[in-house]
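Novice: Before I ask anything, let me first share the structure, which is written out below as structure tokens.
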Amino acid sequence: MTQPSPQDRSAVKDESMLRQKQMLASHFSRLAAAPESGDKVVYTFVPGNLTELLLSFGVVPNLPEINALQSGMRKLSGDFIAAAEREGHSEDVCTYVKCDVGMLRQGNVGPTGALLPPPGLLLLSYTGCFTFMKWFELLQQEYSCPVAMLHVPYQPEGVITPEMREYVVRQLKEVVIPALERLTGRAYDEDALCQRLALSAAAEDDLVAVLGSARHRPSPIDAYFGGVYYLGPIFSAFRGTDEGLAYYRCLREEVEARAARGEGPVTPEGTMGEERYRLVVEGPPNWTHFREFWKMFHDEGAVVVASTYSKVGGLYDTGFRHDPSRPLESLADYCLGCYTNLGLPSRVALIERYLRDFSADGFLINSVKSCNSFSAGQLLMLRELERRTGLAGGFIESDLVDPRYFSAANIKNRLESYFQMLDQKRRHARPAALEACA
Amino acid sequence: MTAPTLESLVARAETLFRDLDLAAVRRWKDAAPGRKAIGHMPIYVPRELVHAAGMLPVGLMGGGDQIEIIRGDAYFQSYICQIPRSTIEMGLAGRLDALDGMLFPAICDVIRNLSGMWRMLFPDRLALYVDLPQAGCPELAVDFYERELLRLAGELSSLSGVPVTDEALAASIALYDANAAAVRDLDLFRAATPWKSPIHETYLVLRAANLMEVGEHTRFVRDYLAAAAASDRPELDQSRVVVTGAFCEQPPLELLRTLERAGCYIVADDFVLGPRFIRGPVATGDPPFRALARAYVERGVSTASRYEPSRKKGDWLVETVRERAAEGVVFCAASFCDPALLEQPMLVAALERAGIPHTAFKYSENLGQFQVIREQAGTFSDSIRLWGAELPPQEAVP
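Protein chains in written order, with the numbering used here: chain A, 1 to 438; chain B, 1001 to 1398.
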């Protein structure tokens, strides 16, 4: 690991971080070069993405949510959102969408500074979020390209029925694959798809091991802020690739070594010191003040040991793996199983399980204005989880990429109060526990 | 028998509109032992199925401006629309106790998540999510939705003890088709002679569908049409507008009156869309479950929560303006309504291509101040009458 100089503590870089940076840079370079190289570009979404299928056709995926969050982290999203609102987009709606529209209006220059190419196909994977549908309807107004809609049924009871699976598979066969065949002029190659699914499954094993490492005390990872980086490759264009597999092998080795050494997670402020609070977090992070937000946790010794946001692009820790022996069926199960496609009772049950499995001290909900898919119902989730577990829940509000909705002082204040509450609970719990022992 | 008067019909509709405790549903249930009622959220659910299972479908459209939200606000953040909080409020206050179950259609993330909340808050009552198809291929969508209908029929039958047979469903479809025909006549009557049926009256007559048995509502609409046609209300010099965006959370009744007072005859709208959702009869010779599924996929109205691969965005709105000889469009969406507000820029673009004037405002169901909207709608109405379609489109007003 490269150690930071006293002047620049942000220089802490594991090999996996450098590897990921290189991978993403090369991906955006390939996207930028697509008009010259002739690569076909498909825009699609993270939840329910069909990366292995797209790669088996040789097309390059572009994910607008990733571009939007990158714009947020680079402090560009505020201007993009303002541009979209000036054009008549409501202040009430998802800021990912407005960020994307605004970026398009200002030249569609991507996060690395390179021009993003127009899509040859909009692959509308409609998983767990109605806004996705409207988003691609808006993009359809901008580009003269076809749209392939993949409707993924919702799991109100947390069960994938054979009928749901069959419906998704039929859409893959009758809508999505023909659209990719038309785009590329290539025939569907199931062997190529299966090879990629095998790579995915192996990388998913390593990812699950990384996420599971947070059961250690101290946790060697932060499963929310750090988790965002760990999930970058598998949520974007690298599931089913050799680079993706190598990345997750490398990451797993680093994390296991940290656990063996008894070290906490690597953070932008350096390796975490004493682990004072173990938390489970529900909801996406804020991107515009990501580092500042993380630092509020770091400064208090709070480590996130499990998060639901890290499951929006696939829920692997409950056992799902892409499966080359049933390629389209496993793609269907993947799409159906993404976190926000689960009914609220299933979401509560999952968080409850995380709280117990990861020996958490409490849970925190970051409720983002932009995302009703996550946010509607979170206040009931808070009550229900407190009732079931007796653990303290905290509630903060921010947004994905709209800097106007990140109030640092307010959030810090709430976090400090929350940590004080955890301390108090501990102080009161100790005598009771001692009494029980006696 | 003497025909009911216009006043008595409107008074009855308004009583039902204000019946947030569902007294009418309790009376219906008390009239025969073992009767059950199923509530449903907007925009559309297959009410025929509920009826065929021997139960009363009851449309819920929030608490409007009639209730104070106390507990409901504790369940939703400030940036979420009003209808789920007033629905939760009514549920927790026991006002919906007459309902034996609830249906939540797949129209947006909020109503979808509300289905899970309902299961957690009222675990002893049936709460079903109705997954509506969004597939790019119509035949696939029909297959999916037919299976979904069969699943729902099984759940509803388990509750009521009445199996939804093909014969029972066909009979229910026939009743709802007759109702849809009456409602369609009401729409056309209003478009042709808006001065004879003020919007708040038409609206109340439509809303009565939420609490009446279907056959009774059909007669009610027919009675209203006859009474309104016989009225001698004078025609006023008003502009003709289409109102769109109010398909889920409903505007306060006073807002509708305000629009009309401001000089707008509303000749097409998407309030209370459920009874008007399917264009033409459902029964077409297919087996009934298939017919119901096909009707939704192929002849469901265009609205923001549906994906329609074959239509260009906003074509339906431009067509509606032309069919109804309207002079402008009023975008009237609930605050924080994702489908309506995300859709709006696309509809605006379609109107601008067609040179159709438009204006926009937002509301919440418990809005109490209408002066700004009155001024805005009045200015819009005056401008389209003075300058017609040559006027540049209005700016959206926050």
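Ideal placement from N, C-alpha and C gives every residue a C-beta, glycine not left out. Here the structure is a predicted model, which means the values were calculated and not measured.
Can you pull the DSSP bridge partners for F1104(B)?
Specialist: Here residue 1104(B) refers to the residue found at position 104 when the second sequence is read from its first residue. F1104(B) pairs with Y1129(B).
Novice: So, helix, strand or coil for M149(A), using DSSP?
Specialist: Within the first sequence, numbered from 1, the residue matching residue 149(A) stands at position 149. Strand at M149(A).
Novice: Taking CB distances under 9 Å as the criterion, tell me whether S1086(B) reaches chain A.
Specialist: Along the second sequence, read from residue 1 onward, the residue named residue 1086(B) stands at position 86. S1086(B) does not count as touching chain A.
Novice: With T51(A) and A237(A) assumed to form a contact (beta carbons below 8 Å), what rounded beta-carbon distance in angstroms separates them?
Specialist: Against the first sequence, residue 51(A) aligns to sequence position 51. Against the first sequence, residue 237(A) aligns to sequence position 237. Yes, they are in contact, since the Cβ atoms of T51(A) and A237(A) sit about 6 Å apart, within 8 Å.
Novice: Going along the chain, which unbroken runs of the beta strand (DSSP E) with 3 or more residues stay wholly within the stretch 33-86 of chain A?
Specialist: 41-43, 60-62
Novice: Is it buried or exposed for S417(A), if we count other Cβ within 10 angstroms and need 16 for buried?
Specialist: The residue labelled residue 417(A) in the question sits at position 417 within the first sequence. Exposed is the call here.
Novice: With a 10 Å radius around its C-beta and 16 neighbouring C-beta atoms as the bar for buried, classify A198(A) as buried or exposed.
Specialist: Start at 1 with the first residue of the first sequence, and residue 198(A) comes out as number 198. Its Cβ being crowded by 16 or more others within 10 Å, A198(A) is buried.
Novice: In terms of residue numbering, what span does the alpha helix (DSSP H) encompassing T1379(B) cover?
Specialist: Within the second sequence, the letter at position 379 stands for residue 1379(B). Taken as a continuous stretch (DSSP letters only), the alpha helix (DSSP H) holding T1379(B) covers 1371-1387.
Novice: Assign Q1344(B) to one of three DSSP states: helix, strand, or coil.
Specialist: For the purposes of this step, residue 1344(B) is identified with residue 344 of the second sequence, where counting begins at 1. It is helical.
Novice: Looking at C-beta atoms only, is the number of pairs between the stretch 1357-1370 of chain B and the stretch 116-131 of chain A that lie closer than 8 Å three or more?
Specialist: no
Novice: Can you tell me whether DSSP reads F358(A) as helix, strand or coil?
Specialist: Working through the first sequence from its first residue, we reach residue 358(A) at position 358. Three-state DSSP puts F358(A) in coil, outside helix and strand.
Novice: Using DSSP with H/G/I as helix, E/B as strand and the rest coil, what is S1172(B)?
Specialist: Here residue 1172(B) is taken as the residue at index 172 of the second sequence, counted from 1. Here S1172(B) sits in helix by DSSP.
Novice: Based on the DSSP secondary-structure assignment, which residues constitute the bridge partners of A1334(B)?
Specialist: Here residue 1334(B) corresponds to residue number 334 of the second sequence, with the count starting at 1. In the DSSP output, where bridge partners are listed per residue, A1334(B) has Y1363(B).
Novice: In angstroms, rounded to a whole number, what distance separates the CA positions of V169(A) and Q1369(B)?
Specialist: One-based indexing of the first sequence puts residue 169(A) at position 169. One-based indexing of the second sequence puts residue 1369(B) at position 369. Their Cα atoms are separated by approximately 51 Å.
Novice: Work out the CA separation of E384(A) and E282(A) for me, nearest whole Å.
Specialist: As a first step, residue 282(A) is located in the first sequence; it is residue number 282 there, counting from the start. As a first step, residue 384(A) is located in the first sequence; it is residue number 384 there, counting from the start. Between E282(A) and E384(A), the C-alpha separation is close to 13 Å.
Novice: Under 6 Å Cβ to Cβ from I1107(B), same chain only, skipping five residues before and after it: list those, please.
Specialist: By one-based count along the second sequence, residue 1107(B) stands at place 107. Result list for I1107(B): I1043, S1305, in chain order.
Novice: Using the beta-carbon of each residue, which ones in chain B are nearer than 7 Å to P345(A)?
Specialist: Position 345 of the first sequence, counted from the first residue, corresponds to residue 345(A). Contact note: P345(A) reaches chain B through G1116, R1119, M1120, using a C-beta cutoff of 7 Å and chain order.
Novice: What residue ranges within the stretch 1194-1277 of chain B form continuous beta strand (DSSP E) runs of no fewer than 3 residues, ordered along the chain?
Specialist: 1239-1244, 1264-1268
Novice: Please work out which residues of its chain come closer than 7 Å, Cβ to Cβ, to E1308(B), disregarding the five sequence neighbours upstream and downstream, and give them in chain order.
Specialist: Mapped onto the second sequence, residue 1308(B) falls at position 308. Contacts found: S1302.
Novice: Could you check where the alpha helix (DSSP H) with H298(A) kicks off and where it finishes?
Specialist: In the first sequence, the residue the question calls residue 298(A) occupies position 298. Residues 290-300.
Novice: In this structure, what does DSSP give as the bridge partners for R442(A)?
Specialist: The requested residue 442(A) does not occur in the structure, where chain A is confined to residues 1 to 438.
Novice: Who are A392(A)'s beta bridge partners in DSSP?
Specialist: Here residue 392(A) is taken as the residue at index 392 of the first sequence, counted from 1. Paired residues: G362(A).
Novice: Going by beta carbon distance, what residues of the same chain come within less than 6 Å of A432(A), once the five residues before and after it are set aside?
Specialist: Position 432 of the first sequence, counted from the first residue, corresponds to residue 432(A). Confidence at A432(A) is low in this model, with a pLDDT of 47, below 50, so the placement of that residue is unreliable and no value is reported for it.
Novice: In chain order, what residues of the same chain lie with their CB nearer than 7 Å to the CB of H89(A), ignoring the 5 residues before and after it?
Specialist: Taking the first residue of the first sequence as 1, we reach residue 89(A) at position 89. Result list for H89(A): K98, V101, in chain order.
Novice: With DSSP as the reference, label L415(A) as helix, strand or coil.
Specialist: As a first step, residue 415(A) is located in the first sequence; it is residue number 415 there, counting from the start. Residue state, collapsed to three classes: helix.
Novice: Given that a residue counts as buried once 16 or more other Cβ atoms are within 10 Å of its Cβ, and exposed if not, what is I1070(B)?
Specialist: Along the second sequence, read from residue 1 onward, the residue named residue 1070(B) stands at position 70. Looking at its Cβ environment, which holds fewer than 16 other Cβ atoms inside 10 Å, I1070(B) is exposed.
Novice: Output, in chain order, the set of chain B residues within a Cβ distance shorter than 7 Å of P153(A).
Specialist: In the first sequence, counting from the first residue as 1, residue 153(A) sits at position 153. Per Cβ cutoff of 7 Å: D1131.
Novice: Pull up the distance between the alpha-carbon of Y96(A) and that of Q171(A), whole angstroms please.
Specialist: The residue labelled residue 96(A) in the question sits at position 96 within the first sequence. The residue labelled residue 171(A) in the question sits at position 171 within the first sequence. If you take the alpha carbons of Y96(A) and Q171(A), they lie about 27 Å apart.
Novice: Say whether chain A places a C-beta atom closer than 9 Å to the C-beta of E1343(B).
Specialist: Within the second sequence, numbered from 1, the residue matching residue 1343(B) stands at position 343. Yes, because at least one Cβ of chain A sits closer than 9 Å to the Cβ of E1343(B).
Novice: Using a cut-off of 7 Å between C-beta atoms, extract the partners of N372(A) located in chain B.
Specialist: Working through the first sequence from its first residue, we reach residue 372(A) at position 372. Going along chain B in sequence order, the residues near N372(A) (Cβ under 7 Å) are I1080, D1109, V1110, D1338.
Novice: I need the DSSP call for K134(A), collapsed to helix, strand or coil.
Specialist: Here residue 134(A) is taken as the residue at index 134 of the first sequence, counted from 1. It is helical.
Novice: Which residues, in order along the stretch 160-176 of chain A, keep a beta-carbon less than 8 Å from a beta-carbon of chain B?
Specialist: Along the stretch 160-176 of chain A, going in chain order, the ones with a CB nearer than 8 Å to a CB of chain B are E163, Y167, R170, Q171, E174, V175.
Novice: What residues in the stretch 125-140 of chain A bring their beta carbon closer than 7 Å to a beta carbon of chain B?
Specialist: Y126, C129, F130, T131, M133, K134, E137, L138
Novice: Since I believe P47(A) is in contact with G128(A) (beta carbons under 8 Å), could you give me their beta-carbon distance rounded to a whole number of angstroms?
Specialist: As a position in the first sequence, residue 128(A) is number 128, starting the count at 1. As a position in the first sequence, residue 47(A) is number 47, starting the count at 1. Their Cβ separation, rounded to whole angstroms, is 5 Å, which keeps G128(A) and P47(A) in contact under 8 Å.
Novice: Closer than 7 Å by C-beta to A1141(B): which residues in its own chain qualify, once you throw out the five before and the five after it? Chain order, please.
Specialist: Within the second sequence, numbered from 1, the residue matching residue 1141(B) stands at position 141. Once the five neighbours on either side are set aside, the close Cβ partners of A1141(B) are P1133, A1135, V1297.
Novice: Write down every uninterrupted run of the beta strand (DSSP E) in the stretch 1131-1192 of chain B whose length is 3 residues or greater and which is fully enclosed by it, in chain order.
Specialist: none
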